[in-house]
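J.:
In the working numbering, the protein residues as written are 212 to 550.
1. Would residue 421 pass as an interface residue toward chain D - the criterion being a Cβ-Cβ separation below 9 Å?
2. Please classify residue 500 as buried or exposed, where buried requires at least 16 other C-beta atoms within 10 Å of its C-beta.
3. Where in the region 238-315 do unbroken runs of the beta strand (DSSP E), each at least 3 residues long, occur, reported from the N-terminal end onward?
4. Which runs of the alpha helix (DSSP H) at least 4 residues long sit entirely within the region 309-373? Give them in chain order.
5. Mind checking residue 477: buried by the 16 CB within 10 Å criterion, or exposed?
6. May I have a chain-ordered list of the beta strand (DSSP E) segments no shorter than 3 residues that lie completely inside the region 443-510?
7. What does the Cβ neighbour count give for residue 360, buried or exposed, with the cut at 16 atoms within 10 Å?
8. Please determine, among 462, 356, 375 and 376, the residue with the shortest C-alpha to C-alpha distance to residue 432.
9. Determine the extent of the beta strand (DSSP E) in which residue 528 is found, giving its start and end residues.
10. Based on the DSSP secondary-structure assignment, which residues constitute the bridge partners of residue 227?
11. Here's a check: name, in chain order, each residue in its chain whose Cβ is nearer than 6 Å to the Cβ of residue 470, leaving out the five neighbours to either side.
12. Helix, strand or coil, according to DSSP, for residue 422 in the structure here?
13. Taking the alpha carbon of residue 333 as the point to measure from, which residue in 422, 430 and 286 has its own alpha carbon closest?
14. Just to confirm, are residue 384 and residue 329 a CB contact at a threshold of 9 Å?
15. Going by the beta-carbon positions, is the gap between residue 259 and residue 506 smaller than 9 Å?
16. Pairing CB atoms from the region 486-500 with CB atoms from the region 405-424, are three or more of them under 8 Å?
17. Can you give the Cα-Cα distance for residue 239 and residue 222, rounded to whole angstroms?
18. Inspect the CB distances between the region 375-390 and the region 260-268 and report whether three or more fall short of 8 Å.
19. Please report the distance separating the alpha-carbon of residue 354 from that of residue 435.
20. Going by the beta-carbon positions, is the gap between residue 475 and residue 296 smaller than 9 Å?
21. Using a Cβ distance threshold of 8 Å, determine whether the region 434-448 contacts the region 456-469, with at least three qualifying pairs required.
22. Let me know the secondary structure DSSP gives residue 518 once reduced to three states.
23. Can you confirm whether the region 224-236 touches the region 274-283 when touching is taken to mean that 3 or more C-beta pairs between the two stretches lie within less than 8 Å?
24. Considering residue 391, what are the terminal residues of the alpha helix (DSSP H) in which it resides?
25. Inspect the beta-carbon positions of residue 390 and residue 349 and report whether they are closer than 9 Å.
26. Measure from the alpha carbon of residue 261 to the alpha carbon of each residue in 373, 473 and 229, then state which is nearest.
27. Give me the Cα-Cα distance between residue 468 and residue 365, rounded to the nearest whole angstrom.
28. If we count the other Cβ atoms within 10 Å of its Cβ and call it buried at 16 or more, is residue 438 buried or exposed?
29. What does the alpha-carbon distance come out to for the pair residue 472 and residue 422?
30. Report the rounded CA-to-CA distance for residue 407 versus residue 331, giving the unit in angstroms.
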């Protein structure tokens with residue numbers, strides 16, 4: 212099933228079930244007011260939501276309160292979350308970035324996931340602008356997959372953690388590349404360089420992906436367009452060093468995770484042979500962020516030539532099924548100056 216949060220004027224919005232084709236939505240009235248409430252009582256709520264989803268897809272009269280669904284008007288599925296932990300499961304991306312600046316790759320990066328804890332008090336909807344104060348901050352998008360968990364006890368194994376995955380979403384983990392070096396130099400991680408992230412219009416249960424969901428990975432291309440031009444379509448199931456079970460287990464090593472925790476994959480990244488992948492304009496899979504394209508340019512030509520995003524630029528991120536149909540709806544955002 213597919214779930215969304217409709218804007219009803221409250222901070223947490225109203226939970227709705229969305230048809231498989233994303234054309235219609237029906238409020239989950241009488242089941243759960245919000246997605247967080249559903250996640251808190253998932254074993255009891257999920258069957259009721261699934262029944263409503265089946266009726267909606269079948270055009271049942273019991274869903275007469277269904278309304279047209281506007282993906283751009285939807286809030287983030289979880290407009291605010293108890294936990295937002297973002298990993299770097301595609302180690303190829305990390306390796307390329309370090310290579311471009313002449314840094315060696317610590318061997319433990321291949322065995323122990325990188326992870327940062329992001330701010331989760333305000334998540335952007337798929338159609339909300341990226342509002343920032345200065346282009347000089349180095350505005351970049353990062354196309355990622357994320358999962359939403361149920362309750363995860365501390366010390367849960369990777370195998371057990373896979374069974375705690377409730378929903379999947381797409382993410383634009385906005386990054387301010389020119390602020391990152393100064394923050395990392397302090398030795399205390401990201402904060403200012405990671406503003407609000409945006410999420411796909413709907414969150415979907417793993418069964419919606421069919422055989423594309425296996426081994427706790429999504430085996431489909433992550434499609435990104437920058438100002439209407441294809442930027443990348445790397446496969447999210449390829450070169451993912453750590454699956455979502457491993458990422459969740461990493462987060463839960465020293466703490467319990469509550470239902471509604473979001474765990475991200477990090478920027479999707481593919482290798483091509485023994486070297487970095489080619490840009491989409493050259494027939495390659497391209498990239499899921501500007502930084503990676505700039506990194507490849509630096510490796511090959513000695514300096515980057517692709518600029519970071521400017522005010523007025525637009526990024527679109529989505530994932531299509533084997534028949535070319537959008538699964539999560541598109542994240543479609545413009546960059547706008549604050550004030």
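Where a beta carbon is used, it is the ideal one built from N, C-alpha and C, also for glycine.
T.: Taking the geometry as given:
1. The structure shown contains no chain D; it holds only a single protein chain.
2. By the Cβ-count criterion, residue 500 is buried, with 16 or more other Cβ atoms from all chains shown falling within 10 Å of its own Cβ.
3. For the region 238-315, whole beta strand (DSSP E) runs of length 3 or above, ordered along the chain, are 295-298.
4. As far as the region 309-373 is concerned, its whole alpha helix (DSSP H) runs of at least 4 residues are 369-373.
5. Looking at its Cβ environment, which holds 16 or more other Cβ atoms inside 10 Å, residue 477 is buried.
6. Correct list: 473-475.
7. That one is buried.
8. If we check each option's Cα against that of residue 432, 356 comes out closest.
9. Where residue 528 is concerned, the enclosing beta strand (DSSP E) stretches over 525-529.
10. In the DSSP assignment, residue 227 is bridged to 215 and 238.
11. Residues of the same chain with a CB within less than 6 Å of the CB of residue 470, apart from the 5 flanking positions on each side, are 250, 251, 361 and 362 in chain order.
12. DSSP places residue 422 in helix when its eight states are reduced to three.
13. The candidate whose alpha carbon is nearest that of residue 333 is 286.
14. Less than 9 Å separates the beta-carbon of residue 384 from that of residue 329.
15. No, Cβ-Cβ distance for residue 259 and residue 506 is not below 9 Å.
16. Not touching, per the Cβ criterion.
17. Each residue's Cα considered, the two are about 17 Å apart.
18. No: fewer than three Cβ pairs fall under 8 Å.
19. Each residue's Cα considered, the two are about 7 Å apart.
20. Their beta carbons are under 9 Å apart, which means residue 475 touches residue 296 by this criterion.
21. Below 8 Å, too few C-beta pairs join the region 434-448 and the region 456-469 to call them touching: fewer than three.
22. Coil, per DSSP.
23. Judged by pairs of C-beta atoms under 8 Å, the region 274-283 touches the region 224-236, as three or more such pairs exist.
24. Run containing residue 391: 391-396, per the alpha helix (DSSP H) assignment.
25. Cβ distance < 9 Å, so residue 390 and residue 349 count as in contact.
26. If we check each option's Cα against that of residue 261, 229 comes out closest.
27. Cα to Cα, residue 468 sits roughly 7 Å from residue 365.
28. When all chains shown are included, residue 438 counts as exposed.
29. Within the model, the alpha-carbon separation for residue 472 versus residue 422 is close to 25 Å.
30. Residue 407 and residue 331 have their C-alpha atoms roughly 8 Å apart.
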